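Chains as they are written, first to last, in UniProt numbering: chain A, 1 to 387; chain B, 1 to 387.
There are 2 protein chains.
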Amino acid sequence: MLHRSINGGIQRAVATQLAFSRTMITAQAVAYSKYGEPKDVLFTHKYEIDDDNVPSDSIVVKTLGSPVNPSDINQVQGVYPSRPELTKELGTSEPAAVGGNEGLFEVIKVGSGVSQFKVGDWCVPTSVNFGTWRTHALCASEKMTKLNNPTQSKNAGKKHSLTVDQGATISVNPLTALLMLTHYVKLQPGKDWVVQNGANSAVGKFVSQIAKILGINLIGVVRDRDNLQALVDELQQEYGADKVITEEQNESRDFSNEVKSWVKETGGDVKLALNCVGGKNATALARKLGQDGLMLTYGGMSFQPVIIPTAVHIFKNVTSSGFWVTALLKNDPELKKRSLDQIVEWYENGQLKVAKSNEVKFDGSDLAKVYTDAVANSKQGKQLIVY
Amino acid sequence: MLHRSINGGIQRAVATQLAFSRTMITAQAVAYSKYGEPKDVLFTHKYEIDDDNVPSDSIVVKTLGSPVNPSDINQVQGVYPSRPELTKELGTSEPAAVGGNEGLFEVIKVGSGVSQFKVGDWCVPTSVNFGTWRTHALCASEKMTKLNNPTQSKNAGKKHSLTVDQGATISVNPLTALLMLTHYVKLQPGKDWVVQNGANSAVGKFVSQIAKILGINLIGVVRDRDNLQALVDELQQEYGADKVITEEQNESRDFSNEVKSWVKETGGDVKLALNCVGGKNATALARKLGQDGLMLTYGGMSFQPVIIPTAVHIFKNVTSSGFWVTALLKNDPELKKRSLDQIVEWYENGQLKVAKSNEVKFDGSDLAKVYTDAVANSKQGKQLIVY
Numbered sequence: 001m002l003h004r005s006i007n008g009g010i011q012r013a014v015a016t017q018l019a020f021s022r023t024m025i026t027a028q029a030v031a032y033s034k035y036g037e038p039k040d041v042l043f044t045h046k047y048e049i050d051d052d053n054v055p056s057d058s059i060v061v062k063t064l065g066s067p068v069n070p071s072d073i074n075q076v077q078g079v080y081p082s083r084p085e086l087t088k089e090l091g092t093s094e095p096a097a098v099g100g101n102e103g104l105f106e107v108i109k110v111g112s113g114v115s116q117f118k119v120g121d122w123c124v125p126t127s128v129n130f131g132t133w134r135t136h137a138l139c140a141s142e143k144m145t146k147l148n149n150p151t152q153s154k155n156a157g158k159k160h161s162l163t164v165d166q167g168a169t170i171s172v173n174p175l176t177a178l179l180m181l182t183h184y185v186k187l188q189p190g191k192d193w194v195v196q197n198g199a200n201s202a203v204g205k206f207v208s209q210i211a212k213i214l215g216i217n218l219i220g221v222v223r224d225r226d227n228l229q230a231l232v233d234e235l236q237q238e239y240g241a242d243k244v245i246t247e248e249q250n251e252s253r254d255f256s257n258e259v260k261s262w263v264k265e266t267g268g269d270v271k272l273a274l275n276c277v278g279g280k281n282a283t284a285l286a287r288k289l290g291q292d293g294l295m296l297t298y299g300g301m302s303f304q305p306v307i308i309p310t311a312v313h314i315f316k317n318v319t320s321s322g323f324w325v326t327a328l329l330k331n332d333p334e335l336k337k338r339s340l341d342q343i344v345e346w347y348e349n350g351q352l353k354v355a356k357s358n359e360v361k362f363d364g365s366d367l368a369k370v371y372t373d374a375v376a377n378s379k380q381g382k383q384l385i386v387y
Numbered sequence: 001m002l003h004r005s006i007n008g009g010i011q012r013a014v015a016t017q018l019a020f021s022r023t024m025i026t027a028q029a030v031a032y033s034k035y036g037e038p039k040d041v042l043f044t045h046k047y048e049i050d051d052d053n054v055p056s057d058s059i060v061v062k063t064l065g066s067p068v069n070p071s072d073i074n075q076v077q078g079v080y081p082s083r084p085e086l087t088k089e090l091g092t093s094e095p096a097a098v099g100g101n102e103g104l105f106e107v108i109k110v111g112s113g114v115s116q117f118k119v120g121d122w123c124v125p126t127s128v129n130f131g132t133w134r135t136h137a138l139c140a141s142e143k144m145t146k147l148n149n150p151t152q153s154k155n156a157g158k159k160h161s162l163t164v165d166q167g168a169t170i171s172v173n174p175l176t177a178l179l180m181l182t183h184y185v186k187l188q189p190g191k192d193w194v195v196q197n198g199a200n201s202a203v204g205k206f207v208s209q210i211a212k213i214l215g216i217n218l219i220g221v222v223r224d225r226d227n228l229q230a231l232v233d234e235l236q237q238e239y240g241a242d243k244v245i246t247e248e249q250n251e252s253r254d255f256s257n258e259v260k261s262w263v264k265e266t267g268g269d270v271k272l273a274l275n276c277v278g279g280k281n282a283t284a285l286a287r288k289l290g291q292d293g294l295m296l297t298y299g300g301m302s303f304q305p306v307i308i309p310t311a312v313h314i315f316k317n318v319t320s321s322g323f324w325v326t327a328l329l330k331n332d333p334e335l336k337k338r339s340l341d342q343i344v345e346w347y348e349n350g351q352l353k354v355a356k357s358n359e360v361k362f363d364g365s366d367l368a369k370v371y372t373d374a375v376a377n378s379k380q381g382k383q384l385i386v387y
């Protein structure tokens with residue numbers, strides 16, 4: 001049963017009833033064959049991988065860790081615009097897809113024609129919709145992109161090596177932050193400013209850190225709270241934000257003079273706004289932009305739309321666009337590789353830190369239950385299943 | 001008294017008390033030395049132009065016509081972002097500026113070093129803030145851009161020649177329509193679609209006509225009214241709109257299937273939306289755009305901001321930008337010249353028509369009163385002062 005799935009990823013799955021060799025790997029994947037709430041539709045599918053007969057262009061990988069992202073949940077619900085095809089690749093009775101888009105893998109077997117991987121290498125899926133909620137995968141080698149494993153980092157004289165948490169969560173949030181800051185607007189280090197809301201979000205913390213590394217001044221907007229000063233201190237001292245302001249300050253006309261004085265002092269301009277909130281918060285962000293500024297919207301936590309005053313569009317020539325890392329990188333594996341390498345280098349140099357996920361160790365029990373529980377717990381913070 | 005004004009336009013003004021030569025032209029201009037309501041601040045300033053001693057790089061022009069645009073009024077009120085410097089160029093006791101930005105002029109005297117103009121040529125100001133509410137002007141020749149006069153059009157074998165109304169109102173509305181349709185998005189004739197609101201506005205009618213000339217399919221949104229069918233017929237038969245829909249249809253989710261079927265039929269996509277209204281109307285316009293579509297906002301008649309749903313930004317990669325013909329052409333006289341030539345050619349071929357202005361003939365009485373009355377009447381339609 002060899003099929004090439006339309007969405008990429010060659011899966012040569014041998015249904016369990018065909019198992020005959022003692023070297024077969026029994027793999028497990030968390031799949032769904034219809035859309036719905038994860039607890040209702042996710043099931044564990046077991047299948048075997050014949051690791052004695054790996055096709056020449058393929059590799060076998062075992063999973064080191066894969067997280068639960070909000071977009072993964074939306075995919076299972078059928079409400080996310082990007083989703084894998086449902087197929088019978090893995091030998092399911094109904095067409096199905098494996099959940100998950102991010103994950104870190106270790107190569108355990110290499111086809112005879114594969115030169116870019118060797119056993120022990122670490123890698124992440126080259127594209128989304130790979131299906132990372134599984135114990136193992138057999139795939140064409142180009143479906144994976146290599147990252148330094150700890151031995152390689154050490155041999156290269158790096159200060160740190162990638163953790164499983166860092167590697168398994170590298171493809172969405174750090175790339176989103178990096179690409180929003182570097183792919184659209186030329187920012188002059190030391191002079192120009194970026195303003196972002198949701199500064200306390202996972203992406204927001206990467207934005208602050210990467211802006212600091214790049215020498216770009218940053219204003220982060222956060223919700224007011226009782227222990228505001230503690231959060232301000234954290235975002236400034238731990239994550240490198242230059243200024244942290246509240247939503248009320250962001251929306252205050254008076255306070256905008258304060259912002260203008262900061263910008264004037266550096267001799268630059270506010271050239272980029274990063275919005276993951278929407279509504280009045282986004283409007284106030286757009287108003288902070290200078291002439292010809294750009295606002296990128298990558299989320300809508302308030303469930304309010306993006307609102308741009310007409311005069312800001314016409315007379316300040318401010319542009320409002322969307323940012324979706326999936327779409328940007330879909331047809332540009334080179335850009336993805338370059339961006340991943342940059343993030344890895346910063347991790348290795350200790351310049352970047354990840355807000356730690358809640359790690360759940362897979363204990364060999366029912367895999368679908370492990371991910372279903374993680375989905376339920378994901379409001380308490382990012383859940384990472386490690387193997 | 002020779003001064004070079006910062007905003008361009010060399011004005012060599014000789015104050016009336018210095019008049020000594022019988023060949024002096026007594027010119028009149030409608031000026032203001034402080035911002036406010038036009039009726040409160042506009043005054044007539046008389047000054048003389050020595051047309052026997054025209055500097056070698058300069059020309060003397062007489063005005064054939066100049067309109068009152070909403071932005072001209074906002075300039076006098078001091079609330080428009082682009083405005084002329086107040087100077088004493090014309091010999092006013094206080095620093096002042098001349099009103100008006102559009103106008104058609106005829107060359108009546110040419111400096112010895114000027115080769116691109118001869119007496120009898122027609123021209124329009126190369127840039128905004130020239131001050132077109134006046135009877136005559138002396139200016140450096142590069143401050144004017146030549147258009148065909150009736151004799152030149154006839155000699156070139158053209159079907160029509162430019163009317164004063166067409167020439168005097170060519171720089172804002174027709175260029176706005178042409179440049180929005182051609183400068184940003186590549187539209188495939190016969191296949192792609194543009195959707196615009198304010199389809200019954202002056203710019204809207206130019207957009208419909210130019211889209212028709214270019215072979216681009218167009219949907220125009222208008223307000224519902226008692227005699228809707230008459231307006232629909234006019235916009236389709238006189239101005240070439242393919243489809244005319246009401247604001248209610250524009251905002252209806254059900255009706256969007258109808259729009260989708262039109263687009264499907266031509267095999268193209270809705271690639272461009274032109275918004276001069278804002279609010280829900282603009283949101284519905286943005287929703288009609290296909291993947292990677294662009295909405296240009298050039299006005300805000302509803303006084304509501306531009307509202308873009310987050311998912312439209314992120315997942316459809318729709319961009320929302322502003323359009324301001326003044327800013328676009330400020331540093332690109334070549335683009336302006338090319339665009340003007342295109343519009344003139346369409347007028348000469350009879351492919352384009354202008355919604356006629358209300359013409360007021362200057363009778364030699366007080367010029368400021370003529371323009372002040374025109375400002376007061378401008379809600380009844382575009383006012384054009386002809387000389």
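Every residue gets a Cβ at the ideal spot worked out from N, C-alpha and C, and that includes glycine. Everything numeric in this text was worked out from a predicted model, so none of it was measured.
- Counting only runs that start and end inside the segment 282 to 369 of chain A, the beta strand (DSSP E) elements of at least 3 residues fall at 294 to 297, 306 to 308, 319 to 322, 358 to 361.
- Listed along chain B, the residues sitting closer than 9 Å to glycine 322 of chain A by beta-carbon distance are Ile308, Thr310, Ala311, Val312, His313, Ile314, Phe315, Lys316, Asn317, Val318, Thr319.
- Threonine 126 of chain B is outside the set of residues whose beta carbon lies under 8 Å from a beta carbon in chain A.
- By the beta-carbon neighbour count (other beta carbons within 10 angstroms, threshold 16), threonine 151 of chain A is exposed.
- For the options B:Ser261, B:Val263, B:Val306, the alpha carbon positioned closest to that of lysine 280 of chain A is the one of B:Val306.
- Chain B has no Cβ within less than 8 Å of the Cβ of alanine 241 of chain A.
- Contact annotation, isoleucine 108 of chain B with valine 60 of chain B: C-beta distance approximately 5 Å; criterion of less than 8 Å satisfied.
- Looking at the backbone, the Cα of tryptophan 346 of chain A and that of leucine 352 of chain A are separated by about 6 Å.
- Between glycine 293 of chain A and lysine 264 of chain A, the gap from beta carbon to beta carbon reaches 8 Å or more.
- In terms of beta-carbon proximity, proline 84 of chain A stays away from the interface with chain B, with every pair separated by 8 Å or more.
- Cβ atoms of glutamine 380 of chain A and asparagine 358 of chain A come within 8 Å of each other, at about 7 Å.
- The residue from A:Val360, A:Gly190, A:Pro81, A:Asn149 with its alpha-carbon nearest to that of asparagine 129 of chain A is A:Pro81.
- The shortest C-alpha to C-alpha distance from tyrosine 239 of chain B to any of B:Val325, B:Ala211, B:Val76 is the one to B:Ala211.
- DSSP links tryptophan 193 of chain A through a beta bridge to A:Asn217, A:Val270.
- Distance from the CA of threonine 26 of chain A to the CA of leucine 329 of chain A, rounded to the nearest whole angstrom, comes to 32 Å.
- Here the alpha carbon of threonine 126 of chain B sits roughly 59 Å from the alpha carbon of lysine 382 of chain A.
- Here DSSP, grouped into helix, strand and coil, assigns leucine 64 of chain A to strand.
- Using a 10 angstroms sphere on the CB of aspartate 50 of chain A, the tally of other CB atoms reaches 16 or more, which defines it as buried.
- Contact annotation: the segment 191 to 210 of chain B does not touch the segment 323 to 340 of chain B, with fewer than three C-beta pairs closer than 8 Å.
- Within 10 angstroms of the beta-carbon of proline 333 of chain A lie fewer than 16 other beta-carbons, which makes it exposed.
- Aspartate 40 of chain A sits in a helix when the DSSP states are folded into three classes.
- Residues of chain B whose Cβ lies closer than 7 Å to the Cβ of alanine 327 of chain A are, in chain order, Asn317.
- Close partners of glycine 103 of chain A in chain B (Cβ separation under 9 Å) are lacking, with about 23 Å as the shortest Cβ gap.
- At a Cβ-Cβ threshold of 8 Å, valine 172 of chain A and glutamate 102 of chain A count as neighbours.
- Looking at B:Ser33, B:Leu64, B:Asp72, the one whose alpha-carbon comes closest to that of alanine 374 of chain B is B:Asp72.
- Between the alpha carbons of lysine 356 of chain A and lysine 205 of chain A lies a distance of about 12 Å.
- Taking C-beta atoms under 8 Å as the contact rule, phenylalanine 105 of chain B and alanine 368 of chain B fail to qualify, at a distance of about 20 Å.
- With contacts defined as CB atoms closer than 8 Å, aspartate 224 of chain A and glutamate 248 of chain A qualify as a contacting pair.
- Between tyrosine 298 of chain B and methionine 180 of chain B, the beta carbon gap of about 7 Å places them in contact (Cβ cut-off 8 Å).
- Taking C-alpha positions only, valine 194 of chain A is separated from leucine 235 of chain B by approximately 45 Å.
- By the neighbour-count criterion, in which a residue is buried when 16 or more other Cβ atoms sit within 10 angstroms of its Cβ, aspartate 121 of chain B is buried.
- Along the segment 271 to 299 of chain A, the positions whose C-beta sits under 8 Å from a C-beta of chain B are Gly278, Thr283, Thr297, Tyr298, Gly299, read in chain order.
- Going by DSSP, methionine 144 of chain A is part of the beta strand (DSSP E) stretching over 144 to 147.
- Residue range 104 to 110 is occupied by the beta strand (DSSP E) that includes glutamate 106 of chain A.
- Judged by DSSP secondary structure, alanine 177 of chain B falls within the alpha helix (DSSP H) whose first and last residues are 173 to 182.
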